[in-house]
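Peer 1: Before anything else, here's the structure in question.
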């Protein structure tokens, strides 16, 4: 989709997915049919601690569990390894600034999301930047597990 690629080899993506287990999901949805809900659900199933960040939600139910949702990344009190972004590309720069302030290790923009300005700012701060990739698809591909399908609304 984008001319530029993040250039990270599979070995590095696999290391990131293996080593970093606390993921703040910016733009996480309450709607189980949306990727911004079922991708974090997949991550939870595979041992990640997922922290929802959605200013429109006080809490988000995933399966039988209800998770507190934060208004922004800086409200999250605990350390965050990966920021996983489900927002439009033009909305990314302030999220990237919060990630720099928070001291995260990896900033991951989901499929279809990339902001060059934000990526450069993050790199200068020493943060690994991944874009236009789905965490669930990459995990599934690299660890040979089946990805989730969305839960349909009945």
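Numbering (this note's numbering), first residue to last: 118 to 271. We put the beta carbon where it would ideally sit given N, CA and C, even for glycine.
#1: Who are the near neighbours of residue 271 in its chain, counting only those whose CB is closer than 8 Å to its CB and skipping five residues on each side?
#2: Would you report the Cα separation of residue 259 and residue 131, rounded to the nearest angstrom?
#3: Does the beta-carbon distance from residue 256 to residue 134 come in below 8 Å?
#4: Do three or more CB pairs link the region 191-210 to the region 149-169 at distances below 8 Å?
#5: Is it a yes or a no for the region 218-229 touching the region 176-189, going by three-plus beta-carbon pairs under 8 Å?
#6: Write down the C-beta distance between residue 182 and residue 140 rounded to the nearest angstrom, noting that I regard them as a contact closer than 8 Å.
#7: What's the C-alpha gap between residue 195 and residue 211?
#8: Does the separation of the CB atoms of residue 236 and residue 248 fall below 8 Å?
#9: Which of helix, strand or coil does DSSP assign to residue 256?
#10: Beta-carbon within less than 8 Å of residue 254's beta-carbon, same chain only, minus the 5 sequence neighbours each way: which residues are those?
#11: Under DSSP, the alpha helix (DSSP H) around residue 152 begins and ends at which residues?
#12: Is it buried or exposed for residue 238, if we count other Cβ within 10 angstroms and need 16 for buried?
#13: If you run the structure through DSSP and keep just helix, strand and coil, what is residue 271?
Peer 2: Concretely, from the data shown:
#1: Residue placement at residue 271 is poorly supported in this model, since its pLDDT is 40, which falls under 50; the coordinates still yield a value, given next. Closer than 8 Å at Cβ, skipping near neighbours: no residue.
#2: 6 Å
#3: yes
#4: yes
#5: In short, these stretches do not touch, since the Cβ pair count stays below three.
#6: Their Cβ separation, rounded to whole angstroms, is 15 Å, which puts residue 182 and residue 140 out of contact at 8 Å.
#7: The C-alpha of residue 211 is placed about 20 Å away from the C-alpha of residue 195.
#8: Going by C-beta atoms, residue 236 is nearer than 8 Å to residue 248.
#9: helix
#10: 228 and 264
#11: In this chain, the alpha helix (DSSP H) harbouring residue 152 covers 152-162.
#12: The residue is buried, with at least 16 neighbouring Cβ atoms inside 10 Å.
#13: Legend: pLDDT at residue 271 = 40, less than 50; position of this residue unreliable, no value from coordinates given.
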